[in-house]
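Asker: Encoded as structure tokens, here's the structure I'll be asking about.
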Amino acid sequence: MLFEPTFLANQFLNGLQLASLLFLLSVGLTVVYGLMNFINLAHGTLYMLGAYIGLSIVRMTGSFWIAFLVAPIVVAGLGAIAQATVLRWAGNTDPMKQVLITFGLVFIGLDAVRYFWGDYSYSIPSPMIFAGTVSVWGEPYPSYRLFVVGLGLLVFLVLYFGLERTRLGAVVRAGVDDQEMAVALGLDIKTAYFLVFCVGCGLAGLAGVVAAPVLSVYPGMDMSVLILTLIVVVMGGPGSLRGAALGALLIGMLQTFGQVFVPALASIVVYMLMVGVLLLRPHGLLPIRAK
Amino acid sequence: MACSKKLVGDCTMLNVNNLSKSFGALQVTQGVSFHLNKGARHALVGPNGAGKTTLFNILSGELAPDSGRIIFEGTDITSYNRWRRVRAGISRSFQGSNLFLESSVLENIILALLACRSPATNVLKKLNSEKALKEKAVVIATKVGLKDQLAEKVGDLAYGSQRQLEVALVLALSPKVMLLDEPTAGMSLVEKKEMLSIIESLSTNLSILIIEHDMDVVFHVSNWVTVLDDGKILFEGTPEDARKSDEVRSRYLSEV
Amino acid sequence: MQNFPEQQLRDAVAIIVICIGLLVWFNAGFFGHELLAQIAILAIFAMSLDLLAGYSGQVSLGHAAFFGTGAYGTAALTAIWGWPLSVAMPISIIITAGLAFCVAIFAVRLSGIFFLMVTLAIGEVFHSFFFRVRVFGGDDGLGGIPRLDLGAIGIDLLSPISFSMFTLITVALVYWGLSYISRSSFGAVISGIRQNESRMAALGCKVRSYKVWTFTVAACLAALAGSLSAQHDGFVSPDLLSWTASGEVLIVVIVGGMSSLVGPIIGAVVVVLLAHYVSGLTNYWMFFMGLFFVAVVLAGGQGIYGLFEKTCRRLHNVKR
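For the record, the sequence lines run as chains D, G and H.
The first sequence begins at 76 in our numbering and counts up one residue at a time.
The second sequence begins at 922 in our numbering and counts up one residue at a time.
The third sequence begins at 244 in our numbering and counts up one residue at a time.
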């Protein structure tokens, strides 16, 4: 039963779905890391907030799509506030301290979520358009999951063209490649960084809303996804969009198939992969930086 | 015990054969060969980007060359990692200040003396009871003119004193071959004079390879010069010959 | 400028803190002894992390993994396989040492943020292991853990009074041992590694070897704390290895004052007391702990003891 093509096709699509979510999450993290050498450990918290805010909006308006549009914006706004206040204050300290501060924010965010929404786990129904199933290899497969996969692909394409064709994109690429030089050339790295950070936060929030109908919404959902995201970022290399996509695909597949075939070992394999990449290819599988 | 500069022989400490290193498309070091005899005072000069520090990084073990061999006292040490080379007898100083800024001058030198020992040896010794080590550290500090600043925090030291400490740390390792990377960089004239006298006071058994930009220092201290340009050796000879060479003058020594 | 007696001050404050602990021990009621034991166990755990993060500069977000293996090792060996605790305790520490060594030989090749991420991941691997494996009770945990049998010398550790004294003595011994290491040449070298790792390597130091040793010793002490915790609660659960547990102990170290050994003890006192006080008022004490932590880091990250030492230094310099 395990090796039936229908089942495998099913799992393959599940893997793609997870990859899509991981991509949405990792892209913000990796570009910020590439630009500023800064890892925001509270990125998972933004994902969680996106899910919960989406939940509230759905409860208030009954519409998934309003949540889909509004929640990421709210999360991006929260990220902007955090960046402008706490993280700016910490700006002159060493990067380690900044990372520790984001870790403190994880604790704060976790209890904040529990305070506003309670300790229970929730779910939101998928939107009407995608509530049905599609026939994959003769078996029904939830069309919502295909929507998630499509969304990830769409975001990738939009970001790809954004980075390659727009002025902001050029500034970002220059900043990732060589920050000192970019600053010396007079490029407005600070604004670029702020915008990229906010977009990254928004994407994390988007991932949260989009994940809510598929995974459950509960306090603690932030950490389980953060570690996988970190692994994707590490594998893809700092600042690399294609690296994030490739990493997300790899990890999404490994995690999905791993859980099915060797559940006890799945996590170990994925983490060992992270350690391996960090040791052998510290700049990721598709590094952007020359060095 | 005078050792002929020009010949590779029994008193050759370091023999570098055809070293090459490239970073991607950029060839930083191209087929560099030279040798260092015992007691040498050998200067490595060349414009910025000529590959001098990269060469040092290869010699000290921080970078692996793409090709070529490094032979130290007759042994091929190309595959040795950093600490093996230090224990064999090659140590280097750094261009920028690469010190322990939170600790005092004395503590810095003591760290250099402790570094080579194994964890097992070190855990059994109380730092305060390492009298012999402390005395040795004081001697080294005196050699580099830092006797009066032993208790000062290195982060607060004047730049010139930090450069002196750089030399002290290398001395503490009791090297046979010393690689000095721009020891007088950024120093005032007075500080340079001090550094010069320190280098001149070093034992004649010690073989020194020194990267320098200041040609005065080169003429004072060294008896042999290798001019590096674009990763390749442009010229090799005595400082006077270097000064007279047309090639060198046109590429580099325009103001001398 | 005369040298500031840094180590002496730390030892003095440590002695004072332990004496205060003794005073409290004499006067405490049942709940007081429970708190005392909790503080002591957390202090040992935090000191072990201080050795790793504060002294050798390896900031880990997965240290609870080793606390957990010490706890679970003790639990499994006694509650499942019926071994006596006097054997189970050292064995669980030895097993932890082995695991830590295996993790360390890879992990020490990384530093800074990379090391942080890897330790976070390792913590999750260990956590998910105990969460899934039914032998250890899964997410229900494991109970029925006895306490050390000191009947031979007439002490009944089941009594909270005796147990809290037992933990207090252990804190003193651990402090003394770690203080010895920090005052040794080994301590000087790892402090050098923290300040400038690449220079130590360039000076011929086998940096990785030192880091592996430090990591392993720190893990062993964390396992000791974990074992005591298992005995104290009589129960273990996978929560002991969660990232929140790793984060909390790091917070304790930083809030108390990193790189001082006595700071983590103070941090343990403050955090446990605050947690009890705040939990009495609200269900959301992680929020306040997070806030407190962010404030401490923004204020310079020196922690309570760090500020105290800085003030003493200033006064010392003024007098001279």
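Positions of the beta carbon are idealized from the N, C-alpha and C atoms, including for glycine.
As the structure is a prediction and not an experimental result, all values here were calculated from the model.
Counting only Cβ pairs nearer than 7 angstroms, list the residues of chain H close to A339/D.
Answerer: Residues of chain H passing the Cβ test: R375.
Asker: Against chain H, does F178/D count as a neighbour if the rule is that its beta carbon must be under 8 angstroms from one of theirs?
Answerer: So, interface residue.
Asker: Answer with buried or exposed for F379/H, where buried requires no fewer than 16 other C-beta atoms within 10 angstroms of its C-beta.
Answerer: Flag for F379/H reads buried.
Asker: Name the chain H residues whose beta carbon is nearer than 8 angstroms to that of E1023/G?
Answerer: By Cβ distance, chain H contributes Q438.
Asker: Comparing C-alpha positions only, which one of T81/D, G109/D and Y122/D sits nearest to V247/D?
Answerer: The shortest Cα separation from V247/D among T81/D, G109/D and Y122/D belongs to G109/D.
Asker: Check whether the Cβ atoms of I365/H and V351/H lie closer than 8 angstroms to each other.
Answerer: No, the Cβ-Cβ distance between I365/H and V351/H is not below 8 angstroms.
Asker: Any beta-carbon of chain G closer than 8 angstroms to the one on A444/H?
Answerer: Yes, A444/H lies at the interface with chain G (some Cβ there is under 8 angstroms from its Cβ).
Asker: Identify the contact partners of F288/H in chain C, using a Cβ-Cβ distance below 7 angstroms as the criterion.
Answerer: Going by chain labels, chain C is absent from the structure shown, which instead holds the protein chains D, G and H.
Asker: Quick one: which chain G residues come within Cβ less than 7 angstroms of F429/H?
Answerer: P1040, N1043 and V1044, listed in chain order.
Asker: Whose CA, out of R962/G, N939/G and A1072/G, lies closest to the CA of L976/G?
Answerer: Of the listed residues, the one whose Cα sits closest to L976/G is N939/G.
Asker: Grab me the residues of V361/H's own chain with a C-beta within less than 7 angstroms of its C-beta, minus the 5 sequence neighbours each way, in chain order.
Answerer: Cβ neighbours of V361/H beyond the five flanking positions: A350 and L353.
Asker: Along the chain, where does the alpha helix (DSSP H) containing R317/D start, and where does it finish?
Answerer: That run of the alpha helix (DSSP H) goes L316 to F336.
Asker: I need the DSSP call for V1007/G, collapsed to helix, strand or coil.
Answerer: It is helical.
Asker: I want to know whether the segment 499 to 507 of chain H touches the segment 329 to 345 of chain H - three or more CB-CB distances under 8 angstroms.
Answerer: Touching, no.
Asker: Can you grab the Cα-Cα spacing for the pair L185/D / A279/D, in whole Å?
Answerer: Rounded to the nearest angstrom, the two C-alpha atoms are 16 angstroms apart.
Asker: Helix, strand or coil: which one does DSSP assign to N246/H?
Answerer: N246/H falls in the coil class under three-state DSSP.
Asker: Report yes if the C-beta distance between G546/H and G510/H is below 8 angstroms; otherwise report no.
Answerer: Yes.
Asker: How about P200/D: is its C-beta nearer than 8 angstroms to some C-beta of chain H?
Answerer: No, because no Cβ of chain H sits closer than 8 angstroms to the Cβ of P200/D.
Asker: What residues in the segment 531 to 551 of chain H bring their beta carbon closer than 7 angstroms to a beta carbon of chain D?
Answerer: Per Cβ criterion, the list reads M532, G533, L534, F536, V537, V540, L541 and G544.
Asker: Whether or not the segment 282 to 297 of chain H and the segment 491 to 498 of chain H are in contact is what I'm after, with contact meaning three or more pairs of Cβ atoms, one per stretch, closer than 8 angstroms; do they touch?
Answerer: At 8 angstroms Cβ cutoff, the stretches touch.
Asker: Check N936/G in the structure and name its three-state DSSP category.
Answerer: Strand, per DSSP.
Asker: Using the three-state DSSP reduction, which class does P986/G fall into: helix, strand or coil?
Answerer: If DSSP states are grouped into helix, strand and coil, P986/G belongs with coil.
Asker: Name the DSSP beta bridge partners of I1132/G, please?
Answerer: Answer is L965/G and D1102/G, bridged to I1132/G.
Asker: DSSP on L385/H, reduced to helix/strand/coil?
Answerer: Strand, per DSSP.
Asker: Might you give, ordered along the chain, the residues of its own chain that have their beta carbon closer than 8 angstroms to the beta carbon of F1021/G, omitting 5 neighbours on each side?
Answerer: E1028, N1029, L1032 and V1075, listed in sequence order.
Asker: Taking only runs that begin and end inside the segment 149 to 207 of chain D, name each unbroken alpha helix (DSSP H) of 4 or more residues, in chain order.
Answerer: Counting only runs of 4 or more, we get 170 to 192.
Asker: Pair every Cβ in the segment 235 to 244 of chain D with every Cβ in the segment 325 to 342 of chain D, then say whether three or more of these pairs are closer than 8 angstroms.
Answerer: Verdict: no, contact absent.
Asker: Would you say F349/H reaches chain D, if we count a Cβ-Cβ gap shorter than 8 angstroms as a contact?
Answerer: So, interface residue.
Asker: Please name the residue, chosen from L221/D, R189/D and G283/D, that lies closest to F87/D on a Cα-to-Cα basis.
Answerer: Nearest of L221/D, R189/D and G283/D to F87/D, Cα basis: L221/D.
Asker: CA-CA distance, L274/H and S335/H?
Answerer: The sequence given here places Phe at residue 274/H; Leu does not occur at that position. So the alpha carbons of these two residues sit roughly 29 angstroms apart.
Asker: Would you say R356/D lies against chain H (beta-carbon separation less than 8 angstroms)?
Answerer: Not one chain H Cβ lies under 8 angstroms of R356/D.
Asker: Using a C-beta cutoff of 8 angstroms, does N1019/G count as contacting chain H?
Answerer: Yes, contact with chain H.
Asker: Alpha carbon to alpha carbon, how far is R990/G from E983/G?
Answerer: Going by the C-alpha atoms only, they are around 15 angstroms apart.
Asker: Okay, do the segment 438 to 456 of chain H and the segment 1055 to 1075 of chain G touch, 3+ Cβ pairs below 8 angstroms being the bar?
Answerer: Taking 8 angstroms as the limit for Cβ pairs, the verdict is that the segment 1055 to 1075 of chain G does not touch the segment 438 to 456 of chain H.
Asker: Express the C-alpha separation of W528/H and I979/G in angstroms, rounding to a whole number.
Answerer: Answer to the nearest angstrom: the Cα atoms are 54 angstroms apart.
Asker: Classify F336/D as buried or exposed, calling it buried when 16 or more other Cβ atoms lie within 10 Å of its own Cβ.
Answerer: Label assigned to F336/D: exposed.
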